[in-house]
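Visitor: Take a look at this one; I'll ask things after.
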Amino acid sequence: MTVAQMAQLLDLKLAAGKEGLDRLVTGGYCGDLLSWVMGRAKEDDVWITVMGNLNAIAVAVLADVSCILLSESAVLDEDARRKADEEGVTVLQSDRPTYDLAVAIGRLLS
Amino acid sequence: MSQALHLHYDVPGDDFTRAGEASGAVKRKLKQMGFNPSAVRRVAIAMYEGEINMVIHAGGGEADVEIEPDKISIVLADHGPGIPNVELAMKEGWSTAPDHVRSLGFGAGMGLPNIKKYTDEMRIETEIGKGTKVFMVILV
Chain A
0 MTVAQMAQLL DLKLAAGKEG LDRLVTGGYC GDLLSWVMGR AKEDDVWITV
50 MGNLNAIAVA VLADVSCILL SESAVLDEDA RRKADEEGVT VLQSDRPTYD
100 LAVAIGRLLS
Chain B
0 MSQALHLHYD VPGDDFTRAG EASGAVKRKL KQMGFNPSAV RRVAIAMYEG
50 EINMVIHAGG GEADVEIEPD KISIVLADHG PGIPNVELAM KEGWSTAPDH
100 VRSLGFGAGM GLPNIKKYTD EMRIETEIGK GTKVFMVILV
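In the order they appear, the protein sequences are chains A and B.
Residue numbering for the first sequence follows numbering that gives the first Met the number 0, starting at 0 and increasing by one per position.
Residue numbering for the second sequence follows numbering that gives the first Met the number 0, starting at 0 and increasing by one per position.
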């Protein structure tokens, strides 16, 4: 499943980084502590979080996740949006809780 | 590639918006040079953790990277307060980061443990009041 397919199936809003929409999603990770995410998330995971700051974009780039999914209506900061566009990191948004999104994505992947 | 390539970066202190510039640049360079993606990812994460530590705890510092065909060596040096208890600092979950840093998503106490996890060799030299040097090697 690509990031674009996941966005369409779960009605997720594109907030930044449309260049990354063709990336594959092979798993997922939920978490808001950046080092925890870097230590545990795998390449090509969708990262579900409420952290919409500049550092989250850096973590997504360095850890090579497929995209960031901001849950619970979390906001993407303006400077983070610019950086995500620059780096081609797709950031999606949803008003659904983290758990619901993780369950829904897990079903799509299984 | 017969000779080692040296890269040097200044890491500014107290500027979280620029933290990650050096590790991002190294990541791009290694990708361009055709290193395998898994090694590139390990270098990027370990170096970013070190950079963030220098920004949070030491007012910035310097990063030196040596790229050889079979290994990447990184030295991060700062003139911060030093680490009083390295054993404790290496423990997952142990953090002395202030609250404003935690609100940004840092301070999970995973920085040094992540460096250890993603590198093949890691060594810390630290002196109270003088600074800290973190040496890391990633075998390719």
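Built from N, CA and C at the ideal position, the CB exists for glycine as well.
Can you give me the Cβ contacts of residue 3 of chain B inside the same chain, cut-off strictly under 7 Å, excluding the 5 residues immediately before and after it?
Guide: Same-chain partners within the cutoff: 65, 66, 67.
Visitor: Could you give the residue range of the beta strand (DSSP E) that holds residue 77 of chain B?
Guide: Residues 70-77.
Visitor: Would DSSP call residue 2 of chain B helix, strand or coil?
Guide: In the structure shown, residue 2 of chain B sits in coil (DSSP, three-state: anything other than H, G, I, E or B).
Visitor: Could you tell me the boundaries of the beta strand (DSSP E) in which residue 62 of chain B lies?
Guide: From DSSP, the beta strand (DSSP E) with residue 62 of chain B extends over 59-66.
Visitor: Residues of chain A with a CB under 9 Å from the CB of residue 40 of chain B: which are they?
Guide: Those are 42, 61, 62, 63, listed as they occur along chain A.
Visitor: Measure the Cβ-Cβ separation of residue 61 of chain B and residue 9 of chain B and say whether it is below 8 Å.
Guide: Yes, the Cβ-Cβ distance between residue 61 of chain B and residue 9 of chain B is below 8 Å.
Visitor: Rounded to a whole number of angstroms, what is the C-alpha to C-alpha distance between residue 33 of chain B and residue 71 of chain B?
Guide: Looking at the two C-alpha atoms, the distance is approximately 13 Å.
Visitor: Rounded to the nearest angstrom, what separates residue 24 of chain B and residue 47 of chain B at their Cα positions?
Guide: C-alpha separation (whole angstroms): 11 Å.
Visitor: Quick test of the definition: if touching needs 3 or more C-beta pairs under 8 Å, does the region 85-97 of chain B touch the region 36-43 of chain B?
Guide: Result no; under three Cβ-Cβ pairs closer than 8 Å.
Visitor: State the CB to CB distance for the pair residue 139 of chain B and residue 35 of chain B, rounded to an integer number of angstroms; the pair is presumed to be in contact (CB under 8 Å).
Guide: Yes, they are in contact, since the Cβ atoms of residue 139 of chain B and residue 35 of chain B sit about 7 Å apart, within 8 Å.
Visitor: First and last residue of the alpha helix (DSSP H) that includes residue 137 of chain B?
Guide: Element bounds for residue 137 of chain B: not the alpha helix (DSSP H) but the beta strand (DSSP E), 130-138.
Visitor: If you compare alpha carbons, which of A:8, A:106, A:19 is closest to residue 60 of chain A?
Guide: The shortest C-alpha separation from residue 60 of chain A is found at A:19.
Visitor: Give a yes or no on whether the minimum CB-CB distance between residue 16 of chain B and chain A is below 8 Å.
Guide: Yes, residue 16 of chain B lies at the interface with chain A (some Cβ there is under 8 Å from its Cβ).
Visitor: Under a three-way DSSP split, which group does residue 25 of chain A fall into?
Guide: Residue state, collapsed to three classes: coil.
Visitor: At least one CB of chain B closer than 8 Å to the CB of residue 76 of chain A: is that the case?
Guide: Chain B, which has no Cβ nearer than 8 Å to the Cβ of residue 76 of chain A, makes this no.
Visitor: Counting only beta-carbon atoms, is residue 46 of chain A nearer than 8 Å to chain B?
Guide: No, no contact with chain B.
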